[in-house]
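As they're listed, the protein sequences go chains Z and P.
Quick note on the numbering used here: the first sequence kicks off at 771 and runs consecutively.
Quick note on the numbering used here: the second sequence kicks off at 771 and runs consecutively.
Positions of the beta carbon are idealized from the N, C-alpha and C atoms, including for glycine.
Notes to accompany the following structure.
2 protein chains.
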Amino acid sequence: MPAEIIDGKKISSDIKESLKERIEALGRSGKVPGLAAILVGDNPASQVYVNMKAKACEKIGINSEVYKYPRDLPEPELIKKIDELNEKKTIHGILVQFPTPEQISEEKVILAIDPKKDVDGFHPFNVGMMLAGKPTFLPCTPLGIMELLSRSGNDPSGKHVVILGRGSLVGRPLAPMLYQKTKGANATVTVCHTATKNLVSFIQQADILIAAMGRAKFVTADMVKPGVVVIDVGTNRVEDPSTKSGYRLVGDVNFDSVSQVAKAITPVPGGVGPMTIAMLLSNTVKACEMQSTT
Amino acid sequence: MPAEIIDGKKISSDIKESLKERIEALGRSGKVPGLAAILVGDNPASQVYVNMKAKACEKIGINSEVYKYPRDLPEPELIKKIDELNEKKTIHGILVQFPTPEQISEEKVILAIDPKKDVDGFHPFNVGMMLAGKPTFLPCTPLGIMELLSRSGNDPSGKHVVILGRGSLVGRPLAPMLYQKTKGANATVTVCHTATKNLVSFIQQADILIAAMGRAKFVTADMVKPGVVVIDVGTNRVEDPSTKSGYRLVGDVNFDSVSQVAKAITPVPGGVGPMTIAMLLSNTVKACEMQSTT
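Printed below as a string of structure tokens:
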């Protein structure tokens, strides 16, 4: 029986609907959530991302400000702008689109953002609060993965989650988020990576498999346990002359084969991708709610 | 063949010897590392710990200051004392002995300590820096476990480490420390806990087993893979009328049986325990070195 498709577009759209209600409630007390996005340089992919985020904000009633700078912007000027946005009352969340040009240290940028406005969940203070199990901004992609699991009826509690990849955006923070004793988590978690021996023996054990290694179509049907739930975080470009751009995006999982044996699986695109933006919006609304009560 | 004993007393004593050299080097430029310990109330175990730490400091040339307060100390007074120590030039590390009486929030205490003097590695900022793989103070017990592995010739790189327990002091921070791509780490890591199903099937897979669940003698020889390396973090009191105190400490591992099949194993006491204090001293020396160069 082919797997149920975990529809990230549908789930993210449900989340955005419920955010609209919270934004309306804020509006009744005169508050509008505001997100500032900063883009340095003209990386085409970064421009696309920033525009997508801005559009997604506007659609649900978040005030979006986009600041674009040339690629030779000196680091101190960027930090000054961040300081200014930290103080700005109408802005509740700040994001700097990475990667930044080489004269700008991503670490310094992350540290410059007020943790209360760090809607990407990248500031070490917020990461530490996460690991301690305290309320904080959780990073968007891992949080989106957890929402996909919960909202598709695949609660990870008591399940064996195998994470492929230990990157700073997904695997590294996701593991502790999943082994915490909280709702939507409470899983036994294994983290695999480039140094893992007998990788397939771990993949085979997964009740829930999170593929975030960045290797196109690596996971095939013969590697997984029948009935596995698969979250495919990979976004790998492969050549495809039949498309206008000459390429298409595929995940880390061979969807065609794995979807024949899995219980449920996310597609690429349309799985994790839309969730990341939805969680950014969710963190921004949360930031506005928190800053309004203090 | 019975297991090699990983001697925490010997390894911690080697570490303290090398710390002495660094303390002497600091002394040549007029610097003496200073550690302030704060104890609120008269919990006997806490008194023992604070005294042990102070004595260990003095033995290797760290200046130790101990501040003892009655159990009804108001929280704001404790925070004021921490602020004062944050500013004090001769103090490079600050620790507050937990648990504190109920009027004092441990979270507030942790947040009050300057991250640069947080030699316990508990401040969320430092925890977040750890998860990001950036240089910071690492929490003493997990760091001690990693030193035990490296210095006993059991490098975890490429090995499957199974951690039993997700407590805030050991399992929760240790997992990301071990799956990082750094020297002395780089392991495939599984975190098990009270919600884990088929716990024994995970224990059996471990190349390195870290037992930090707090269940006396839980792990027995039949559960482990022959040749496993075992780090026993448990310190459970069991009644023993033959001792003066009426009890003795045992680990989470049945030492007598497991030591017959393991490659190497830590005893309790004399394994992880002495390492925790050695790492506190090491963090204090590091704090002094860092504060001296800035």
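If you drop the 5 nearest sequence neighbours on each side, which residues of the same chain put their C-beta closer than 6 Å to that of residue i?
| i | result |
| --- | --- |
| P/L881 | none |
| P/F895 | P885 |
| P/V959 | V931, A945, L948 and Y949 |
| P/D1010 | Y1017 and R1018 |
| P/F988 | D1022 |
| P/G863 | L805, K887, V889, T1054 and A1057 |
| Z/M916 | G954 |
| P/T990 | N1024 and S1027 |
| Z/G811 | R841 and P871 |
| Z/N813 | none |
| Z/P943 | P909 and P912 |
| P/S782 | P1044, M1045 and A1048 |
| Z/I849 | A882 |
| Z/G997 | K1033 |
| P/L855 | A806, I861 and I864 |
| Z/Y839 | V810 |
| Z/N1006 | A986 and V1020 |
Residues of chain Z with CB under 9 Å from residue i, in chain order?
| i | result |
| --- | --- |
| P/P945 | Residue identity differs from the one stated: residue 945 of chain P is Ala in this sequence, not Pro. Per Cβ cutoff of 9 Å: A945, P946, Y949, V959 and V961. |
Starting from residue i, find everything on chain P with Cβ-Cβ shorter than 9 Å and list it in chain order.
| i | result |
| --- | --- |
| Z/L934 | Within chain P, no residue comes near Z/L934; the closest Cβ sits about 11 Å away, beyond 9 Å. |
| Z/L901 | P894, V897, G898, M900, L901, S938, R942, P943 and P946 |
Just to check my reading of the structure: residue i and residue j have Cβ atoms closer than 8 Å, yes? What is that Cβ distance to the nearest angstrom?
| i | j | result |
| --- | --- | --- |
| P/G898 | Z/H893 | 7 Å |
| P/R985 | P/V961 | Contact doesn't hold; Cβ gap of about 16 Å is too wide. |
| P/T1046 | P/T911 | 5 Å |
| Z/A773 | Z/I1035 | 5 Å |
| Z/A957 | Z/S927 | 7 Å |
| P/L1050 | P/K878 | Contact flag wrong, Cβ pair sits at about 22 Å. |
| Z/I978 | Z/L919 | 7 Å |
| Z/S875 | Z/E845 | 7 Å |
| P/G903 | P/T952 | 7 Å |
| P/L1098 | Z/L901 | Past the edges of chain P, shown from 771 to 1064, lies residue 1098 of chain P, and the structure says nothing about it. |
| Z/Y837 | Z/K858 | Contact doesn't hold; Cβ gap of about 11 Å is too wide. |
| P/V1042 | P/G923 | The Cβ separation is near 17 Å, so there is no contact. |
Please list the partners that residue i has in chain Z, where partner means a Cβ-to-Cβ separation under 8 Å.
| i | result |
| --- | --- |
| P/L1019 | What P/L1019 touches in chain Z: nothing, since even the nearest Cβ is about 26 Å away. |
Report the neighbours of residue i on chain P: residues whose CB is nearer than 7 Å to its CB, in chain order.
| i | result |
| --- | --- |
| Z/K967 | G928 |
| Z/N956 | A965 |
Going by beta carbon distance, what residues of the same chain come within less than 8 Å of residue i, once the five residues before and after it are set aside?
| i | result |
| --- | --- |
| Z/V1055 | L789, R792, I793, L796, P803 and I832 |
| Z/D842 | P871 and Q873 |
| P/M993 | V970, I973 and Q974 |
| Z/G1040 | D777, G778 and K779 |
| Z/A981 | L934, G935, F988, V989, V1000, I1001, D1002, V1003, G1004, G1021, D1022 and V1023 |
| Z/D853 | A882 |
| Z/Q1030 | P772, A773 and A991 |
| P/S1062 | L796, S799 and K801 |
| Z/P869 | N813, S816 and E876 |
Going by the C-beta, is residue i closer than 7 Å to any heavy atom of the ligand PLP?
| i | result |
| --- | --- |
| P/A991 | The model on display carries no ligand, and the ligand PLP is accordingly not part of it. |
What in chain P is Cβ-close to residue i, meaning under 8 Å?
| i | result |
| --- | --- |
| Z/F972 | T958 |
Among the residues of its own chain, which have a CB less than 7 Å from the CB of residue i, if the five just before and after it don't count?
| i | result |
| --- | --- |
| P/V1008 | A986, Y1017, R1018 and V1020 |
| Z/S1052 | I785 and L789 |
| P/P1037 | I775 and F1025 |
| Z/S816 | L809 and Q867 |
| P/G941 | I933, G935, V961 and A982 |
| P/Y819 | Q867 |
Worksheet item: Which runs of the alpha helix (DSSP H) spanning at least 4 residues fall entirely within the segment 982 to 1038 of chain P, listed in chain order?
Response: Complete alpha helix (DSSP H) runs here, min 4: 1025 to 1028.
Fill in: Inside the segment 931 to 960 of chain P only - alpha helix (DSSP H) runs reaching at least 4 residues
The segment 931 to 960 of chain P contains these whole alpha helix (DSSP H) runs: 941 to 949.
Fill in: Residue ranges of each alpha helix (DSSP H) within the segment 775 to 834 of chain P, 4 or longer
778 to 798 and 814 to 830, all fully within the segment 775 to 834 of chain P.
Worksheet entry | chain Z contacts made by the segment 909 to 937 of chain P, where a contact means CB separation under 7 Å | For the segment 909 to 937 of chain P, which is checked against every Cβ of chain Z, the residues closer than 7 Å are S927, G928 and R936.
Practice prompt. Taking only runs that begin and end inside the segment 894 to 928 of chain Z, name each unbroken alpha helix (DSSP H) of 4 or more residues, in chain order.
Written response: Taking only runs of at least 4 residues, the alpha helix (DSSP H) segments lying wholly in the segment 894 to 928 of chain Z are 894 to 901 and 910 to 921.
Worksheet entry | alpha helix (DSSP H) runs wholly inside the segment 837 to 905 of chain P, at least 4 long, in chain order | Listed in chain order, they are 845 to 857, 876 to 882 and 894 to 901.
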